[in-house]
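In this text, residue positions in the sequence shown follow the numbering used here: the first is 2, and each later residue adds one. Following: one structure in structure tokens, then a few remarks.
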Amino acid sequence: MRRYVWRGGFVECDVPDGPLDVADSWRHSNGRTNGLHLHLARFSRVAGRLPEGYVDRLMSLLHEGELFPRIALSQGQLLLDVRSAPSPRSSTALTYAQASDPRTRPEVKGPDFAAFGAYRSRYQVEGTDDAVIVNKDGSMLETTTGALVMWDGDALCVSDGVRLPSVTLHQVVARAETLGLPVVRRRLTPELAAAHPLWFLNSVHGISPVRELHVGDTVITPPAHPCFDEWHDWWWGGFTVEWPGY
């Protein structure tokens, strides 16, 4: 990993980790991105307007390889971590634990990263990829690293609770609406997952079907969605050379 701090330009540095006011990250594939303008807009809503030249210089550092960059505002400093991207998951296994919500600012990405790490360490079952954040009523809100959606026939079901405004979820909802498919807010429960396709969404793995949901000693296997391959190919086909005007 290489870390940079913004000082009228990006300067490589060794700034230690500190509390994050806001952060954002995305897959950067050999200079191509998917929805970068949405990530930058979400970041700017909390961090404020990005400095002149910020995006141009950011892009110049990210032109080669499979990367997973993270931008952050921490203690008044704009930071950039240039990290290698993990291989995309073809499917996802999740742990469901009826535990206290670790989030303090659920609609802002970044401030709760440390709490999420502790949550995973405490509750995530070995062999699973992430842990679900559960509402007081037992419904699934999201995971510590991604959004969740469920399908009920042709209807795309999203959580009716408070959650991060996920860029990948936004893209999936927009496509469903374009296709004329209903989008409904509802409680997403493990019981429903036993009979309905459940997808994990984020900007590094794209659309990943949940193959297992571990609930105590029970392992729920959500059914496959008949059009998953079409959705998968649509999202991965959305990578282009973007140059957002910020």
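All C-beta atoms, glycine included, are put in the ideal place defined by N, C-alpha and C.
Of the other Cβ atoms in all chains shown, fewer than 16 fall within 10 Å of the Cβ of residue 31; this residue is therefore exposed. Residue burial annotation: residue 189 is buried, with at least 16 other C-beta atoms found within 10 angstroms of its C-beta.
Only buried fits residue 170, as 16 or more other CB atoms lie within 10 angstroms of its CB. For residue 216, the closest alpha carbon among the candidates 97, 2, 18 is that of 97. A check of alpha carbon separations from residue 75 across 238, 202, 152, 24 identifies 24 as the nearest.
Within a 10 Å sphere around the beta-carbon of residue 132 sit 16 or more other beta-carbons, which makes this residue buried. Between the segment 79–96 and the segment 53–65 there are three or more inter-stretch CB-CB distances shorter than 8 Å, so the stretches are counted as touching.
Counting other Cβ atoms within 10 Å of its Cβ, residue 29 reaches 16 or more and is therefore classed as buried.
DSSP links residue 203 through a beta bridge to 207. Counting every other CB atom within 10 Å of its CB across the protein chains shown gives residue 27 a total of 16 or more, marking it as buried. Contact between residue 106 and residue 112 holds: their C-beta atoms lie close to 5 Å from each other, under 8 Å. Collapsing the DSSP output to three states places residue 179 in a helix. Assigned with DSSP and collapsed to three states, residue 29 falls in strand. Judged by DSSP in its simplified three-state form, residue 236 adopts helix. Residue environment: residue 137 is assigned as exposed (fewer than 16 neighbouring CB atoms within 10 Å of its CB, all protein chains considered).
In the displayed model, residue 149 falls within a strand according to three-state DSSP. Distances from the CA of residue 240 to each of 181, 109, 37 were compared; the closest alpha carbon is that of 37.
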